[in-house]
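A.B. asks: From first to last, the protein sequence lines are chains H and S.
The first sequence lines up with residues 1 to 147 when you count with my numbering.
The second sequence lines up with residues 1 to 147 when you count with my numbering.
Even for Gly, the Cβ is constructed at its ideal location relative to N, Cα and C.
Since the structure is predicted, the reported quantities are computational estimates derived from the model, not experimental observations.
The structure is given below, and queries will be raised subsequently.
There are 2 protein chains.
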Amino acid sequence: METLTIGDLAARSGVAPSALRFYEREGLIHASRTSGNQRRYERAELRRVAFIKIAQQVGVSLDEIRAALESLPENRTPTKADWSRLSARWRYRLEERIAVLERLRDQLTGCIGCGCLSLQRCKLVNPSDQLAGRGAGPQMIINPPQD
Amino acid sequence: METLTIGDLAARSGVAPSALRFYEREGLIHASRTSGNQRRYERAELRRVAFIKIAQQVGVSLDEIRAALESLPENRTPTKADWSRLSARWRYRLEERIAVLERLRDQLTGCIGCGCLSLQRCKLVNPSDQLAGRGAGPQMIINPPQD
DNA sequence: CTGCAACTTGAAGTTCACTTCAGCTCAAGG
DNA sequence: CCTTGAGCTGAAGTGAACTTCAAGTTGCAG
Numbered sequence: 001m002e003t004l005t006i007g008d009l010a011a012r013s014g015v016a017p018s019a020l021r022f023y024e025r026e027g028l029i030h031a032s033r034t035s036g037n038q039r040r041y042e043r044a045e046l047r048r049v050a051f052i053k054i055a056q057q058v059g060v061s062l063d064e065i066r067a068a069l070e071s072l073p074e075n076r077t078p079t080k081a082d083w084s085r086l087s088a089r090w091r092y093r094l095e096e097r098i099a100v101l102e103r104l105r106d107q108l109t110g111c112i113g114c115g116c117l118s119l120q121r122c123k124l125v126n127p128s129d130q131l132a133g134r135g136a137g138p139q140m141i142i143n144p145p146q147d
Numbered sequence: 001m002e003t004l005t006i007g008d009l010a011a012r013s014g015v016a017p018s019a020l021r022f023y024e025r026e027g028l029i030h031a032s033r034t035s036g037n038q039r040r041y042e043r044a045e046l047r048r049v050a051f052i053k054i055a056q057q058v059g060v061s062l063d064e065i066r067a068a069l070e071s072l073p074e075n076r077t078p079t080k081a082d083w084s085r086l087s088a089r090w091r092y093r094l095e096e097r098i099a100v101l102e103r104l105r106d107q108l109t110g111c112i113g114c115g116c117l118s119l120q121r122c123k124l125v126n127p128s129d130q131l132a133g134r135g136a137g138p139q140m141i142i143n144p145p146q147d
């Protein structure tokens, strides 16, 4: 098996055929065609699809993913180094996302006794919304004060 | 200031007025009305909105958030204990989400040298897709083998 | 009392990421 | 050769979570 049909790629990647066609229309992946106009995928496309899935988990939009994929060399199959470069690019993003969620978790844990939900600093501690001027939303989580 | 206008609540919570009206239509928050039909919010609504925002960060849909909010007592302002109970409910969800992202980060870190993107186990190690039968998608991240 | 920013409504529009559909063609096992 | 599951297309539909719009009303500072 040298190339993959859309069904094969779908089964392997866990992405529906309709989504793969959609990705192609959006310029995220590429396929050659048989004489009968059916798509045939290089095995390397599997990695592209994996990259897309992973980036989505990190919270990156398809638009940004396309931009990243466009930075891959066009004239050759991407090397490990190419993929490493892209992966590294999302890492910071991922770290940030994790940090936000961990902060949220810690607040939630700390506040499970008081029920304050970290709206601004605990209402118990800060009953008159003194942080309200600092910007909208749950400040302690999104944008914690640097102590 | 006893109650809040929609503008006040929007400014305080960081949620647009249009979104607050939408939340009301969807039964997530409640408001009384002035004689002139304008919304007036109890301060307790601020906490409801905070809860909504936090739950969204955790990745909970508005439908599920509504269900959670419906479990709050209707006849009285929710107590700290009420909010604690709800917060606790999302904690597990949050932990899971964090775990997935951390697994992803570790894989990405580990693979930054090899560029394998954790599609299934490293291609370098597993060049013939031996994990493919285990289900679709990046198995190592979504559903890691229990060692 | 006046002016004007802030509020009201229902309906329609937007973005994202796909999925579904209808009507057709292709490819490969028996 | 024939059948049948897999694949093709463009267009339209979906659902989540809002936003925008138009046309009118309210509430408070001056």
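(1) Any idea what DSSP makes of S32(S), helix, strand or coil?
(2) Against chain H, with Cβ distances strictly below 8 Å, would I54(S) count as a contact?
(3) Taking only three categories from DSSP, how would you classify L4(S)?
(4) DSSP three-state call for R43(S): helix, strand or coil?
(5) Which value, in whole angstroms, describes the spacing of the CA atoms of E70(S) and A11(H)?
(6) Please determine, among V60(H), A16(H), A68(H), Q38(H), the residue with the shortest C-alpha to C-alpha distance to G27(H).
(7) Measure the C-alpha to C-alpha separation of T109(H) and S87(S) and round it to an integer number of angstroms.
(8) When burial is assigned at 16 or more other CB atoms within 10 Å of the CB, is Y23(H) buried or exposed?
(9) Kindly indicate if chain S contains any beta-carbon less than 8 Å away from that of P93(H).
(10) Measuring straight from C-alpha to C-alpha, what distance separates A81(H) and Q107(S)?
(11) Would you please verify whether the beta carbon of R105(S) is less than 8 Å from any beta carbon of chain H?
(12) Taking a contact to mean a Cβ-Cβ separation below 8 Å, would you say W90(H) touches V58(H) in this structure?
(13) Could you give the distance in angstroms between the alpha-carbon of R33(H) and the alpha-carbon of A55(H)?
(14) For L108(H) and chain S, any beta-carbon pair shorter than 8 Å?
C.D. replies: Taking the definition as stated:
(1) strand
(2) yes
(3) strand
(4) coil
(5) 40 Å
(6) A68(H)
(7) 8 Å
(8) buried
(9) Checking the sequence shown, residue 93(H) turns out to be Arg, not Pro. R93(H) does not count as touching chain S.
(10) 16 Å
(11) yes
(12) yes
(13) 27 Å
(14) yes
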